[in-house]
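> Before anything else, here's the structure in question.
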Amino acid sequence: MNALKYRTIIKNGQLSLPPLDLPEGTVVEAILLIKEAAEMDETDYLLSTEANRQHLQEALTL
């Protein structure tokens with residue numbers, strides 16, 4: 003079994019993928035992992051509290 007991974011954004015209720023180099027008729031199984039909108043990315047986390055901002059500032063000045 004082979005695996006392909008793409009990250010995309012749903013637009014107008016549709017999922018779009020780049021052209022895949024697969025023969026016509028190839029059977030595939032898709033699993034969608036939906037990222038929660040409230041999930042905080044790393045940058046937001048690093049800037050989320052004064053203590054985090056201070057640690058980040060200290061790390062950048064080393």
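Note that the numbering used here numbers the sequence shown so that position 24 is 26, with each residue one more than the last. The beta-carbon is built from N, C-alpha and C at its ideal position, and this holds for glycine as well.
So, do the stretch 17-25 and the stretch 35-49 have three or more beta carbon pairs nearer to each other than 8 angstroms?
No, they do not touch.
> Which whole-angstrom value is the C-beta distance of LEU62 and ARG55, which I expect to be below 8 angstroms?
Not really, about 11 angstroms apart at Cβ, beyond 8 angstroms.
> By how many angstroms is the C-alpha of ALA53 removed from the C-alpha of GLN59?
If you take the alpha carbons of GLN59 and ALA53, they lie about 10 angstroms apart.
> For ALA32, which option in MET42, LEU17, THR51 and ILE11 has the closest C-alpha, if you only look at C-alpha atoms?
It is LEU17.
> Using the C-alpha atoms, what's the distance from LEU64 back to GLY15?
Distance between the alpha carbons of GLY15 and LEU64: 47 angstroms.
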